[in-house]
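Undergrad: Position 286, counted from 1, in the sequence shown is what this note's numbering calls 303; the numbers after and before it change by one each time, with no gaps.
Built from N, CA and C at the ideal position, the CB exists for glycine as well.
Mind looking over this structure? Questions follow.
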Amino acid sequence: MIRSLIFAMPDKLISFNNVTAIPNLGISSIAGNVDVSICDIKVADLVLIKHKLEEYVFNLLNEYSPDIVGLSCMSFQYHSAVKLAKLIKSYNRDILVALGGYHPTLMFDEISQSPESEFFDFIVRGEGEATFNELLSAINSGKGYEKIAGLSFKRNGVFQHNPRRELLSLDTIKLPNRKARLIPKGFHIFGLPSDAIETSRGCTFNCKFCSINHMYGRSFRVYEISRVIEDIRDANLNGAKSISIMDDNITLDLKRLEDLCDEIISNKLNSIHYFVQASVKGIAHSPKLVQKMADAGVKLVFLGIESVSNETLDFLGKKTTTSEDTRKAVKYL
């Protein structure tokens, strides 16, 4: 049995902690998809650690004695990941460090050739659930890493990059392991204990400002609605009174969103407060759906208003969205 810790970085691009603080869903999903017969895994979203971060991490290393530590980061968090990797290696050079998330996925080649690459043993590229689980299995069995798709690993101190992993079938992804969280409390939306779920991954649009296509390609994959309901129940049983739906574009399939709202209502889960991100076009073209969303418990909509100028929208690749759509969406909400 090996032991693993996964950390999400403490940095936030813009801090709204007084209004909302949402737990990192990705690291909990990875924890939910490891083989528990070979690995004891814990995860910590460090965004709530305000003071003495290094001391907190050192204490966890002392308490859990991990064989491998995963660090999940976006681009603006990369320097924090490097600092933590240095800290881990200063504690014990034998602890393996795996870097994952958006930034390592997009910049793995540059990272592997950088001076700080000495502090990383692996780079997990793309969706991490299957790749990290296979990495843990290889570490546990002592087998090589050459056949693990989506993994970069070191051979004689030099990073080798395995072929990319194809997108996962969402039917194979188990629920997040919320029991693995070392910081289960403190997250909230407007003061209500919060959690996060996803009902789909990806987006078929090609907006110039968005990096999602570099992660998933122009694809849209959905979970079965029954699985989404199960996830909501699990989050609620773990204390959530508010839930952030982290989909990249939940309004891409409006009929499916309506069906999801109906299921939330019929399962009496609409007393939970929901926070969603929505496209202007999706809301503008479906005023009746807005009321259905409200009936299902949606209290907060983060609306993607990139511009009210048609010229700017065209420049950004939003050719199917107009300034009139923006006005309609705001009016309907």
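(1) I need the DSSP call for T216, collapsed to helix, strand or coil.
(2) According to DSSP, simplified to helix, strand and coil, what is G118?
(3) In whole angstroms, what is the alpha-carbon distance linking V315 and I281?
(4) Quick check for students: name the residue ranges of the beta strand (DSSP E) that lie wholly in the segment 186–266, counting only runs of 3 or more.
(5) Do three or more CB pairs link the segment 179–188 to the segment 141–156 at distances below 8 Å?
(6) Starting from I171, trace the beta strand (DSSP E) in both directions and tell me its first and last residue.
(7) Pick helix, strand or coil for S158, following the three-state DSSP scheme.
(8) With the cut-off set at 8 Å, would you say A252 and D212 are in Cβ contact?
(9) Report all residues from its chain with a CB closer than 7 Å to the CB of P83; omit the five preceding and five following residues, and keep chain order.
(10) Quick check on F136: does DSSP put it in helix, strand or coil?
(11) What number of angstroms, rounded off, separates the C-alpha of I44 from the C-alpha of L192?
(12) Determine, using beta carbons only, whether I165 and L152 come nearer to each other than 8 Å.
(13) Any idea what DSSP makes of Q177, helix, strand or coil?
(14) For G256, does the count of other Cβ atoms within 10 angstroms reach 16, so buried, or fall short, so exposed?
(15) Could you spell out where the beta strand (DSSP E) holding D57 opens and where it closes?
(16) Out of S131, D264, M91, which has the shortest C-alpha to C-alpha gap to T122?
(17) Which runs of the alpha helix (DSSP H), 4 residues or longer, sit entirely within the segment 265–303?
(18) Can you look up Q313 in the DSSP assignment and give me helix, strand or coil?
(19) Please give the ranges of any alpha helix (DSSP H) in the segment 48–102, keeping only runs that are unbroken, at least 4 residues long and fully inside the region.
(20) For H178, which of E127, E215, S217, A155 has the nearest alpha-carbon?
(21) I need the straight-line Cα distance from I58 to C224, nearest angstrom please.
(22) Counting along the chain, where does the alpha helix (DSSP H) carrying R344 start and finish?
(23) Could you pull out every residue in the same chain whose Cβ sits closer than 6 Å to the Cβ of L269, ignoring the five residues on either side in sequence?
(24) For F170, is the classification buried or exposed, using 16 other Cβ atoms within 10 angstroms of its Cβ as the cut-off for buried?
TA: According to the structure shown:
(1) DSSP places T216 in coil when its eight states are reduced to three.
(2) Coil at G118, not helix or strand.
(3) The alpha-carbon atoms of V315 and I281 are separated by roughly 10 Å.
(4) The beta strand (DSSP E) runs lying completely inside the segment 186–266 and spanning 3 residues or more are 209–214, 259–262, given in chain order.
(5) The segment 179–188 vs the segment 141–156: in contact.
(6) The question names Ile, yet the displayed sequence has Lys at residue 171. Bounds of the beta strand (DSSP E) holding K171 are 168–172.
(7) Three-state DSSP puts S158 in a helix.
(8) In this structure, A252 sits near D212, with a CB-CB distance shorter than 8 Å.
(9) Here the set comprises R20, S21, L22, I112.
(10) For F136, the three-state secondary structure derived from DSSP is helix.
(11) I44 and L192: Cα-Cα distance of roughly 12 Å.
(12) Cβ distance < 8 Å, so I165 and L152 count as in contact.
(13) If DSSP states are grouped into helix, strand and coil, Q177 belongs with the strands.
(14) With fewer than 16 other Cβ atoms within 10 Å, it is exposed.
(15) According to the DSSP assignment, D57 belongs to the beta strand (DSSP E) that extends over 56–62.
(16) Sorting S131, D264, M91 by C-alpha distance to the C-alpha of T122 places M91 at the top.
(17) Runs of the alpha helix (DSSP H) inside the segment 265–303: 271–283, 297–301.
(18) This sequence places Ala at residue 313; Gln is not what is there. Here A313 carries a coil assignment [DSSP, helix/strand/coil].
(19) As far as the segment 48–102 is concerned, its whole alpha helix (DSSP H) runs of at least 4 residues are 70–81.
(20) E127 is the residue among E127, E215, S217, A155 whose C-alpha sits nearest the C-alpha of H178.
(21) Answer to the nearest angstrom: the Cα atoms are 37 Å apart.
(22) That run of the alpha helix (DSSP H) goes 340–349.
(23) Excluding residues within five positions, the ones whose Cβ falls inside 6 Å are F237.
(24) Buried: at least 16 other Cβ atoms inside 10 Å.
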